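Chains A and B are the protein sequences, given in the same order. Heads up, the first sequence is in our numbering, so the first residue is 133 and it goes up one at a time. Heads up, the second sequence is in our numbering, so the first residue is 0 and it goes up one at a time. Don't be surprised by glycine CBs; every beta carbon is placed ideally from N, CA and C. Note that this is a predicted model, so its numbers are computed, not measured.
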Amino acid sequence: AQSVTQLDSQVPVFEEAPVELRCNYSSSVSVYLFWYVQYPNQGLQLLLKYLSGSTLVKGINGFEAEFNKSQTSFHLRKPSVHISDTAEYFCAVIQSDTGGFKTIFGAGTRLFVKA
Amino acid sequence: EAGVTQFPSHSVIEKGQTVTLRCDPISGHDNLYWYRRVMGKEIKFLLHFVKESKQDESGMPNNRFLAERTGGTYSTLKVQPAELEDSGVYFCASSQVAGGNTEAFFGQGTRLTVV
């Protein structure tokens with residue numbers, strides 16, 4: 133079974149500073165990776181996804197992530213964060229088994245952006 | 000186009016009572032998923048419907064949980080009787096097709112508190 137590890141449960145950062153949220157996944161032949169964001173009192177929103185092709189994936193709100201197969205990582209980055217980026221971020225992978233497809237999530241990383 | 004909607008947004012019930020959560024997927028999406036996040040842990044898969052059929056219910060915790068999707072449209076998740084450990088946020092998601100490279104759209108979740 134697939135698994136996802138988010139290495140930081142909380143990340144405090146000052147506004148306009150860069151940020152990296154780390155994610156490692158268990159190895160698989162084919163891997164589809166996602167980052168979701170949950171803003172306070174809202175649902176899960178897709179930030180970006182890696183399906184194939186270029187290992188650098190750009191998403192919404194200035195976020196990007198790099199797929200690194202050798203390190204089984206999919207870290208999320210933003211060069212300059214805003215207060216409005218304060219949210220919880222989830223790394224996820226699609227698992228395929230006899231039951232079909234399901235999304236496997238990491239435990240989440242809470243990003244706190246301070247003024 | 001309306002997204003995935005869930006009702007209610009919050010529910011507080013006493014231990015032993017029954018609660019029914021509802022999910023309306025995006026119109027035309029045959030695939031509907033239920034997930035749960037308990038006590039700040041990972042968001043975990045509960046089950047997957049394809050139209051009105053249960054494709055995979057391997058994540059359902061026990062027989063106190065009953066999910067239905069009559070007519071292949073909206074779905075309900077009933078917890079009867081509710082226990083304290085059922086508290087958490089229940090997410091619903093839908094997708095047009097089921098596949099590793101298919102994005103699932105999530106609702107804002109129902110926060111269930113059992114007291």
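Q) Is the distance from the Cβ of glutamate 67 of chain B to the Cβ of threonine 75 of chain B below 7 Å? A) yes
Original post:
Can lysine 181 of chain A and phenylalanine 195 of chain A be called in contact, C-beta distance under 7 Å?
Top reply: no
Candidates B:Gly15, B:Asp23, B:Pro7 and B:Val113: which alpha carbon is nearest phenylalanine 105 of chain B's? B:Asp23
Could you check whether the region 8-18 of chain B touches the region 187-205 of chain A, counting it as contact only if at least three pairs of C-beta atoms, one from each stretch, sit closer than 8 Å? no
- With DSSP as the reference, label glycine 194 of chain A as helix, strand or coil. helix
Use the C-beta contact count for lysine 234 of chain A: other C-beta atoms within 10 angstroms, 16 or more gives buried, fewer gives exposed.
buried
**Message:** With three or more C-beta pairs closer than 8 Å as the rule, is the region 170-178 of chain A touching the region 25-32 of chain B?
**Reply:** no
_Proximity winner among A:Asn200, A:Ala133, A:Tyr171 and A:His214, relative to valine 151 of chain A (alpha-carbon distances)_ = A:His214
Check each candidate in B:Thr109, B:Ala97 and B:Gly71 and name the one with the smallest Cα separation from valine 88 of chain B.
-> B:Thr109
Whose Cβ in chain A lies nearer than 7 Å to the Cβ of glutamate 41 of chain B? Phe237, Gly238 and Ala239
> In chain A, which residues lie less than 7 Å from glutamine 107 of chain B when you measure between Cβ atoms?
Replying inline: Gln174 and Gly175
Where aspartate 85 of chain B falls: helix, strand or coil (DSSP)
helix
field: Cα-Cα separation, valine 37 of chain B to glutamate 84 of chain B
entry: 8 Å
Would you kindly check if the distance between the Cβ of valine 113 of chain B and the Cβ of lysine 14 of chain B is under 7 Å?
-> yes
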